[in-house]
């Protein structure tokens with residue numbers, strides 16, 4: 001997706017704070033679906049603008065978070081108060097972490113006028129592509145995404161032949 005398409009999706013999700021926060025965590029933090037679904041409020045340190053996540057493979061990493069992500073997570077927490085230890089992105093009835101957001105993505109993409117197939121991983125792929133296309137060093141993108149091998153990250157450097165430009169610039173960082 002282009003940055004403009006990501007913006008349209010996030011704006012279309014404004015009426016649904018749960019999905020707005022979820023999409024921002026997928027894109028702006030470059031997190032995997034499994035990393036976002038298991039987030040808890042205690043993972044967020046708003047004072048220092050960072051979030052701690054358990055990555056694929058079990059290691060933990062800290063990522064900086066933008067004001068827009070902070071605002072979306074706080075808005076969600078106000079709407080759905082939670083006890084310590086509860087998942088941020090939980091099913092209301094069971095309290096278990098959400099298992100599938102494909103139908104929500106499809107619905108919100110439709111509202112945003114996005115006709116391409118979008119999955120949770122599309123958000124992660126998009127931020128990686130946007131960063132690499134803008135000339136961000138591959139080792140920085142590697143750390144951001146939590147890739148063990150630089151070759152995994154270098155895939156994104158072949159997507160653009162020239163530096164990536166957009167009308168909105170970088171968003172959510």
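In the numbering used here, the protein residues as written are 1 to 173.
C-beta: ideal position from N, C-alpha, C; glycine also.
Among the options, the one whose alpha carbon lies nearest that of residue i
| i | options | result |
| --- | --- | --- |
| residue 75 | 14, 34, 93, 100 | 14 |
| residue 82 | 71, 96, 69 | 96 |
| residue 66 | 24, 139, 144 | 24 |
| residue 40 | 98, 127, 115 | 98 |
| residue 145 | 135, 128, 134 | 128 |
Three-way DSSP call (helix, strand, coil) for residue i in this model
| i | result |
| --- | --- |
| residue 35 | helix |
| residue 51 | strand |
| residue 44 | strand |
| residue 184 | Residue 184 is absent from the structure shown; the chain starts at 1 and stops at 173. |
| residue 63 | strand |
| residue 90 | strand |
Exposed unless 16 or more other CB atoms sit within 10 angstroms - verdict on residue i
| i | result |
| --- | --- |
| residue 60 | exposed |
| residue 8 | buried |
| residue 132 | buried |
| residue 62 | exposed |
| residue 21 | buried |
| residue 94 | exposed |
| residue 101 | buried |
| residue 3 | buried |
Under 9 Å between C-beta atoms of residue i and residue j
| i | j | result |
| --- | --- | --- |
| residue 89 | residue 124 | no |
| residue 31 | residue 80 | no |
| residue 26 | residue 120 | yes |
| residue 69 | residue 51 | yes |
| residue 33 | residue 73 | no |
| residue 112 | residue 5 | yes |
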